[in-house]
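> Under my numbering, the first residue of the sequence shown is numbered 59, with each subsequent residue one higher. I am attaching a structure below and will ask some questions about it afterwards.
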Amino acid sequence: MEIKRFKTKEEVTKALAEMLLAQVKAKPNSVLGLATGSTPTLAYHELVKDYLLNQTDYSKVVTFNLDEYVGIDSKDKNSYRTFMDINLFNYINIKNENTFLPNLNNVDDIDLSYYDEHINNCGGIDLQVLGIGENGHIGFNEPGDDMDSLTHRVILAENTRENNSIYFETIDDVPTEALTMGIQSILNAKKIVLAITKKTKAKIFKRLLEEEPSSSLPASYLKTHANVVVLVDAEAASLLEG
Ligand code: F6R
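Listed below in C-alpha cells is the structure:
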C-alpha cells in the first residue's frame with residue numbers, strides 16, 4: 059500500500075477527485091467502483107464542479123457501487139442510489155443505465171454473483187474508491203468476513219448501524235442488512251484508492267498499518283493487492299509517530 063499523507067480532509071478529497079478525473083481522462087470508458095458515505099462526498103462535489111467548468115465527459119463511464127441497503131426502496135432518501143444521484147450522477151453526463159448498485163430485483167437472495175459477472179463483462183473495475191469503517195470494514199464486509207467473498211448479503215454490525223444512524227430519524231430506521239461487493243470483488247479491481255479522514259478513524263488506521271491481513275480487520279486484505287493508494291489526513295494519522 060502506498061500511503062499519501064495530507065494535512066486536511068479537504069486535501070484528501072481533492073486528491074481523490076484528481077485521481078478519479080485522471081482515470082476518466084486517460085480512459086473515457088473507465089469502469090469505476092464507487093463508495094458512499096461522508097468520506098468521498100466532497101470528492102464527488104469536486105467532480106461536479108470540474109464538470110461545470112470543463113465538461114469532462116462521463117458518457118462512456120460505467121460505475122458499480124460497493125453496496126446498498128436491504129429493505130429500503132432505491133427512491134428512498136436514504137438509499138445509496140439516491141446518495142449517488144444527488145451527490146454526483148444527476149450533475150454530470152453519466153448515463154443512468156451505466157450506473158449500477160447491487161439489488162435484489164429478479165435475483166435469488168443468496169446468489170448475487172450476477173453483480174461480479176456484470177463487472178467482469180464490462181472489463182473489470184479500473185479504479186475502486188473505498189472508505190473504511192471504524193471497525194475496519196470495506197464495503198459492508200464486516201470483521202469476520204471471508205477474503206474470497208464475492209457480492210453477497212450481510213447483516214450490518216451494530217457499530218456500523220450506529221455510525222450510519224446520523225442519516226436516519228432514529229437508529230431503529232437503519233436497515234439491519236445490506237448487499238455488498240465481497241472482499242474478493244474489491245481485490246479484483248485493477249487499482250484501489252482508500253480515503254481515510256477524521257479523528258474517528260485514527261485507531262483503525264494505526265491497526266491497518268500494524269496488522270497482518272486477517273478477517274478481524276477486513277481492510278487489511280488490501281495489503282495483498284499490488285496497486286493500492288491510501289490517502290489519509292492528519293487527524294486520521296494522529297496516532298502514528300512522526
Ligand atoms: C459505503 C461503504 C462503507 C464506508 C465506510 C466509511 O459505500 O462501503 O464501507 O466507506 O463505512 O463511511 P464514512 O465515509 O461515512 O466514514
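By construction, the Cβ of each residue, glycine as well, lies at the ideal position given by its N, Cα and C atoms.
Taking 7 Å as the cut-off, decide whether the C-beta atoms of residue 250 and residue 294 are in contact.
On the sequence shown, residue 250 is found 192 positions in, with the first residue counted as 1. On the sequence shown, residue 294 is found 236 positions in, with the first residue counted as 1. No, these two residues do not count as a Cβ contact at 7 Å.
> Got a sec: does the ligand ZN put a non-hydrogen atom nearer than 6 Å to the Cβ of residue 277?
Here the bound small molecules are the ligand F6R; the ligand ZN is not part of this structure.
> When DSSP builds the beta bridges, which residues end up paired with residue 249?
Locating residue 249 in the sequence shown gives position 191, counting from the first residue. Paired residue(s): 185.
> Could I get the ranges of all uninterrupted alpha helix (DSSP H) runs contained in the stretch 101-165, with 4 residues as the minimum, in chain order?
138-145, all fully within the stretch 101-165.
> Do you know whose CA, among 94, 297, 183, lies nearest residue 139's CA?
Looking up residue 139 in the sequence shown gives position 81. Taking only the C-alpha atoms, the option nearest residue 139 is 94.
> Could you have a look at residue 210 and say whether DSSP puts it in helix, strand or coil?
Counting from one through the sequence shown, the residue named residue 210 turns up at place 152. Strand.
> Please state if the CB of residue 207 and the CB of residue 241 are separated by a distance shorter than 7 Å.
Counting from 1 along the sequence shown, the entry for residue 241 is found at position 183. Counting from 1 along the sequence shown, the entry for residue 207 is found at position 149. In contact: residue 241 and residue 207 (Cβ atoms closer than 7 Å).
> So if DSSP puts residue 236 in a beta bridge, which residue, or which two residues, is it bridged to?
For this step, residue 236 is matched to residue 178 along the sequence shown. Answer by DSSP bridge pairing, in chain order: 127, 212.
> From the DSSP secondary-structure annotation, give me the bridge partner or partners of residue 91.
Walking along the sequence shown from the start, residue 91 turns up at place 33. DSSP, once it has assigned bridges, lists 122, 186 as partnering residue 91.
> Let me make sure I understand the geometry here. Which of 100, 175, 234, 130 has the alpha-carbon closest to that of residue 246?
Indexing the sequence shown from 1 puts residue 246 at position 188. Ranking 100, 175, 234, 130 by Cα distance to residue 246 puts 175 first.
> Measuring from the CB of residue 301, is there a heavy atom of the ligand F6R at a distance below 6 Å?
In the structure as shown, the chain begins at 59 and stops at 300. Residue 301 is therefore absent and cannot be evaluated.
> Mapping DSSP to helix, strand and coil, what is residue 65?
By 1-based counting over the sequence shown, the position of residue 65 is 7. It is coil, neither helix nor strand.
> Identify whether residue 266 lies in helix, strand or coil by the three-state DSSP scheme.
Against the sequence shown, residue 266 aligns to sequence position 208. Reduced to three states, the DSSP call for residue 266 is helix.
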